Amino acid sequence: MYSIPYLDLPPLGHAAGTVQLPGSKSISNRLLLLAGLSEGTTTLVDLLDSDDTRVMLAALRTLGCAIVQDGRLTRITGFAGRPQVASAELFLGNAGTAMRPLTAALAVLATQQGGAAYTLGGVKRMHERPIGDLVDALRGLGCTVDCLGTEGYPPLRVAGGTLDLAAPVKVRGDVSSQFLTALLLALPLAATDRAVTIEVVGELISKPYIEITLNLLARFGIAVERQGWERFVIPAGSRYVTPGEVHVEGDASSASYFIALGAIAGVDAPVRIEGVGAASIQGDIRFKEAAEAMGAVVHAEPNALEIRRGAWPLKAIDLDCNHIPDAAMTLAVMALYADGPSTLRNIASWRVKETDRIAAMACELRKLGATVEEGEDFLRVEPLARFQPASIHTYDDHRMAMCLSLAAFNRLNPAGDGEHAVPVRILDPKCVAKTFPDYFEALFSVVEARAADIPVITIDGPTASGKGTLSASVAAQLGWHTLDSGSLYRVTALAARRAGVSADDEQGLAATARAMQLRFEGVRVLLAGEDVSDELRDEAVGMMASRISAWPAVRAALYDLQCGFRQLPGLVADGRDMGTVIFPDAGLKIFLTATAAARAERRLNQLIAKGISASLDDLRADLEARDERDRTRATAPLRPAEDALRLDNSQLGIEASVQQVVAWWNARQPFDAR
Ligand SMILES: Nc1ncnc2c1ncn2[C@@H]1O[C@H](COP(=O)(O)OP(=O)(O)O)[C@@H](O)[C@H]1O
Ligand SMILES: Nc1ccn([C@H]2C[C@H](O)[C@@H](COP(=O)(O)OP(=O)(O)O)O2)c(=O)n1
1 MYSIPYLDLP
11 PLGHAAGTVQ
21 LPGSKSISNR
31 LLLLAGLSEG
41 TTTLVDLLDS
51 DDTRVMLAAL
61 RTLGCAIVQD
71 GRLTRITGFA
81 GRPQVASAEL
91 FLGNAGTAMR
101 PLTAALAVLA
111 TQQGGAAYTL
121 GGVKRMHERP
131 IGDLVDALRG
141 LGCTVDCLGT
151 EGYPPLRVAG
161 GTLDLAAPVK
171 VRGDVSSQFL
181 TALLLALPLA
191 ATDRAVTIEV
201 VGELISKPYI
211 EITLNLLARF
221 GIAVERQGWE
231 RFVIPAGSRY
241 VTPGEVHVEG
251 DASSASYFIA
261 LGAIAGVDAP
271 VRIEGVGAAS
281 IQGDIRFKEA
291 AEAMGAVVHA
301 EPNALEIRRG
311 AWPLKAIDLD
321 CNHIPDAAMT
331 LAVMALYADG
341 PSTLRNIASW
351 RVKETDRIAA
361 MACELRKLGA
371 TVEEGEDFLR
381 VEPLARFQPA
391 SIHTYDDHRM
401 AMCLSLAAFN
411 RLNPAGDGEH
421 AVPVRILDPK
431 CVAKTFPDYF
441 EALFSVVEAR
451 AADIPVITID
461 GPTASGKGTL
471 SASVAAQLGW
481 HTLDSGSLYR
491 VTALAARRAG
501 VSADDEQGLA
511 ATARAMQLRF
521 EGVRVLLAGE
531 DVSDELRDEA
541 VGMMASRISA
551 WPAVRAALYD
561 LQCGFRQLPG
571 LVADGRDMGT
581 VIFPDAGLKI
591 FLTATAAARA
601 ERRLNQLIAK
611 GISASLDDLR
621 ADLEARDERD
631 RTRATAPLRP
641 AEDALRLDNS
651 QLGIEASVQQ
661 VVAWWNARQP
671 FDAR
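Numbering (the UniProt record's numbering), first residue to last: 1 to 674.
Structure (structure tokens):
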């Protein structure tokens, strides 16, 4: 996950490959509650691990469920309708799928257990999301529910009351179908000796989510009788019975981004999505049809989808999106690549989701340059001929971040010239943690970009100037990869030493460099499967690296390997010739220096920290000799690139150096502060 303030997506190109989807949020949280209410142990396979499921798991633990997580399995031993605690304060983040059903379940349970009282709250936005219709329904049933802040909104307190089930329970269905889901999941608790009838008032929206609820209730032994979409009868004698093991299918809403990706960029080969397919019980799987209407070519298997680009530009659509409320957001961004204006209708529920999604989408699409018309319950988006670089606000809404990432395909823009392409900055990218923590990693694993579009910052300089430290911190702040090019010369030196190749044997050293079996795991370097990272830092290895790196054939042998580190979303490369030879087109080049005295002292401190003793004078003499050799060799000598910015950090701390480099980088980016 990218836990950084912003993630810049360079212009992206074609897509191909396979994505494994995380588990469905809707299914995961419903299953968790059902397992929690049941007697016995339920094993959930491939449960979604995200913010919203974590708050549900924490709440269930608080209420007395035993929960064991073991790789792909989550085992939950339910409290069988009797929470182990009579009072609790539950924090539910911004998870509507936890707040609504837990409120209903605990409100009903509190009527059955004298003295029980539970409060349920979340983040600020959760307290702005209406829940009044559910509260009204529960009060109508005889539950005591108090809104602790604004009437009709969380936080809530449920305590006591007397259930009266003689009349049907009425609930509005036109604001959020989650209210009905909440009652359906909770009222079997009350249907022990008599049937309970729920009546929906007003047109029920998002029906597919109700189907998921009914489907999962059936698996836990509750056969709800559905009469049209107006009446639901929970039979007398209902009792949750764990089905034992349940597999959580992939999230169909999350699939929408990769379906769109295939439609936009699956040019030569398809994008394959595993975990969800034609057999899905989730309504958002029907996003597939909307994408097909826009031109996607979809091949569906029971548990997988393959998508290719069909029509290009995409075909504009005019669609009632009531049946795919969440996935429909993805269509709004696809509309930028269409052959005419697209209209998404019947989407009023967007206004009460994680954010007001109609307003948010309109605002962010306009930043890209799009013409957008926003109505109370519709959005009309025109195709965009020339994208503008934009800093996209994500409103703590995972779907905003994931949808808008699709704007990075603007190089493929059918109305564009294939040359004009802009990056897209996604602010607060970690908001995807709500449902798809590794969304951006998954995206990068299936898309390509032109090498020249992948940003690089180079940091060259003499030994112990702090290149590695600076490079790692800058990369961490931007979410980029690092290349410690020195480690490649060091590992070559080590491999040569082990193979008995002399430091004077240019061709033998080059052959050694080409034959090395290397693997990089974060900052660890593995040579033929052996972790040699610590050995590489030996001063003797560094000295030999400096010697062998003077040979042109050695440098040539390592050239392609270094270029291969230029991968999405960006690279910070440190060494001696990163800016001059390997990445001459880097967007920012730093030449990092510090006085020999400062550098010798830093090296000494590094050695002391490792428990190695050394003399400051010897170290200084060594590093000056190494600098001299690196500076004066004929091939790729250590020198600043002409367009490098110099940074002397003799007196500048690490954090200040990092902020300086990031500020230089941002000053060169096209994003304005909107
Ligand atoms: N700006 C700085 N001020 C003080 N010490 C620093 C600074 N930058 C790096 N160091 C320290 O200097 C030592 C050498 O840094 P390193 O990144 O290994 O250098 P290089 O990669 O250039 O050889 C490390 O112990 C590091 O913590
Ligand atoms: N891009 C590079 C990186 C390192 N080298 C050579 C020259 C250096 O003395 C050795 C070791 O580099 P390294 O960056 O690991 O050394 P320091 O950490 O700065 O001491 O490799 C090079 O020639 N070109």
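Every residue, glycine too, gets a C-beta built ideally from N, C-alpha and C.
Since this is a predicted model, take the numbers as computed values, not measurements.
C-alpha distance - V19 paired with F258, whole-angstrom precision: 8 Å
Mind reading off the beta-carbon distance from L73 to V45? Whole number of angstroms is fine, and I expect it under 8 Å. 6 Å
State yes or no: is the C-beta of T463 within less than 9 Å of the C-beta of L561? no
Do you know offhand how far R425's Cα is from D174's? 35 Å
Under 8 Å: does the beta carbon of I654 sit that close to some heavy atom of ligand 1? yes
Can you determine whether any heavy atom of ligand 2 sits closer than 8 Å to the C-beta of L478, and answer yes or no? no
Report back the beta-carbon spacing between P302 and Y337 to the nearest angstrom; my notes put them in contact at under 8 Å. Going by Cβ atoms, the distance from P302 to Y337 rounds to 30 Å, so no, they are not a contact pair.
Classify Q178 as buried or exposed, calling it buried when 16 or more other Cβ atoms lie within 10 Å of its own Cβ. buried
Any idea which residues DSSP pairs T43 with across the strands? R75, E245
Distance cutoff 9 Å, beta carbons only. Does V55 sit that close to anything in chain B? This model lacks chain B altogether; it includes just one protein chain.
Within a Cβ cutoff of 7 Å, which residues of the same chain sit near I205, ignoring the five residues on either side of it in sequence? G173, D174, S177, N322, S349
When every heavy atom of ligand 1 is checked, does at least one fall within less than 8 Å of the C-beta of T595? no
Go to K589, then tell me how far its alpha helix (DSSP H) extends in each direction, as first and last residue. Looking at the DSSP string, K589 is not in any alpha helix (DSSP H); the run it does join, the beta strand (DSSP E), is 588-593.
Three-state secondary structure (DSSP) at S391? strand
Locate the alpha helix (DSSP H) running through S342, then write down its first and last residues. Run containing S342: none in the alpha helix (DSSP H); it sits in the beta strand (DSSP E), 342-345.
Suppose the cutoff is 7 Å on Cβ atoms and the five residues either side in sequence are ignored; what does the same chain contact list for A600 look like? L616, L619, R620, L623
State the Cα-Cα distance for the pair L216 and S342, rounded to the nearest angstrom. 35 Å
C-beta contact flag for A265 and A15 at 9 Å: yes
Using alpha carbons as the reference points, say which of D326, A269, L488 lies closest to K288. D326
Please state whether the Cβ-Cβ distance between E203 and P168 is less than 9 Å. no
Using DSSP with H/G/I as helix, E/B as strand and the rest coil, what is S487? helix
From A159, I210, V201, T635, residue whose alpha carbon lies closest to that of L184: I210
How close, in whole Å, do the beta carbons of M334 and M361 come, if the pair is a contact with beta carbons under 8 Å? About 12 Å; that fails the 8 Å criterion.
Regarding I582 and ligand 2, is the C-beta to nearest heavy atom distance less than 8 Å? yes
Which residues DSSP lists as bridging H481, in chain order: L571
Could you check if R524 belongs to the surroundings of ligand 1, using beta carbon to heavy atom distance under 8 Å? no
Distance, E306 Cα to T97 Cα: 29 Å
Opening and closing residue of the alpha helix (DSSP H) in which T512 lies: 506-515
Looking at C-alpha atoms only, which residue of G237, S3, E225, T512 is the closest neighbour of T192? G237
Below 8 Å on the Cβ atoms is my contact criterion, and I expect D251 with S405 to pass it. Report the Cβ-Cβ distance as a whole number of Å. Incorrect: roughly 16 Å between the Cβ atoms, too far for contact.
How is Q282 classed by DSSP in three states: helix, strand or coil? coil
How many Å lie between R100 and A408 at the Cα? 35 Å
Can you tell me whether M578 sits near ligand 2, meaning its C-beta is under 8 Å from at least one heavy atom of the ligand? yes
Go to I4, then tell me how far its alpha helix (DSSP H) extends in each direction, as first and last residue. Taken as a continuous stretch (DSSP letters only), I4 belongs to no alpha helix (DSSP H), as it is neither H nor E.
Using DSSP with H/G/I as helix, E/B as strand and the rest coil, what is K170? strand
List the endpoints of the continuous alpha helix (DSSP H) containing H398. 398-404
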